[in-house]
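Residue numbers (mature numbering (1 follows the signal peptide of the UniProt record, and there is no 0)): -20 to -1, 1 to 294.
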């Protein structure tokens, strides 16, 4: 009898141990399942509920903010997520916004793209087309009443001229002209001219019209942008020269976007080539008449100029 009780007690203990072991195994399996689900979620499709585009004004900031709204709304319809448009103060702020991933889509000029690629690993996907051209030139604009200034050589020969331009990181506004002026004999562009940074190409031309500057550098031909408000601009401002061709402005994306989203965004913008309303918006914003695919190598000529001014800009 005592022997039977002992056997029963031993069997009971074994049964409890078996149940405990099973419970531990089940908990381990459940934990593994949760972990697998987490890995599956992490490795699945990128979930994006909002995209932010960044612009730097080539015109009045308030005006461009209103102008780009239809563009953001159409992209939102196509992509199925909210698209917000932000007008940045300057290109440096736009690059920083893309570096910190606050800006997903950047309308970057050539130099801004090269800088952003180096500093923030952005990816160029598209570039502007203007009247069938994929490149443009910087333009030297001079007050027509300055009879002694009729060429870029004359600008080099006259120290102390007041130079108006949009921004020191603007490709056509400053960098390409500054590089050319240095090649033509200006030892120090910082001291040779009196600089007037005005935040936009139209503002640079208006500075000329108002007599606040002697010459301005802009994209070609920025005078048309302000002709409605200033009908006499073609008579009061003369063009005395151009730089070498510059590849057109870009649509670039921040680092980290999935290939799926890169392609979706690219396709959405390319569809605007068949959308007259969106082409009109792009024309009103940056004088774009179309959109073409782009790759990083297209901007090698810009990198050469960037290297020349890299320390100064940084």
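In this text, a Cβ means the ideal position worked out from N, Cα and C, and glycines have one as well.
These figures come from a predicted structure and were not determined experimentally.
Judged by pairs of C-beta atoms under 8 Å, the stretch 267 to 282 does not touch the stretch 48 to 62, as fewer than three such pairs exist.
Under the three-state reduction of DSSP output, residue 210 falls in the coil class, being neither helix nor strand.
Taking the Cβ atoms as the reference, residue 66 lies roughly 5 Å from residue 34, within the contact range of under 8 Å. The stretch 142 to 161 and the stretch 243 to 259 do not touch, with fewer than 3 CB-CB distances between them shorter than 8 Å. DSSP places residue 68 outside any beta strand (DSSP E), giving it a letter other than H or E. The continuous beta strand (DSSP E) containing residue 142 extends over residues 142 to 145. Residue 32: member of the beta strand (DSSP E) spanning 30 to 35, first to last residue.
Boundaries of the beta strand (DSSP E) around residue 230: 230 to 233. The beta strand (DSSP E) runs of length 3 or more contained entirely in the stretch 141 to 187 are, from start to end of the chain, 142 to 145, 174 to 177. In this model, residue 125 and residue 223 are separated by some 23 Å (Cα to Cα).
Residue 211 counts as exposed, since fewer than 16 other C-beta atoms from the protein chains shown sit within 10 angstroms of its C-beta. Straight across, the Cα-Cα distance linking residue 136 with residue 277 is about 32 Å. By the criterion of at least three beta-carbon pairs nearer than 8 Å, the stretch 149 to 157 is not in contact with the stretch 256 to 267. The alpha carbon of residue 139 has as its nearest neighbour, out of 121, 182, 171, the alpha carbon of 171. In its chain, beyond the 5 residues on either side, 269 have a beta carbon closer than 8 Å to the beta carbon of residue 263.
Per the coordinates, the alpha-carbon of residue 75 lies some 5 Å from the alpha-carbon of residue 96. With respect to residue 142, residue 100 sits apart: the two C-beta atoms are not nearer than 7 Å.
Distances from the CA of residue 220 to each of 55, 243, 120, 214 were compared; the closest alpha carbon is that of 120.
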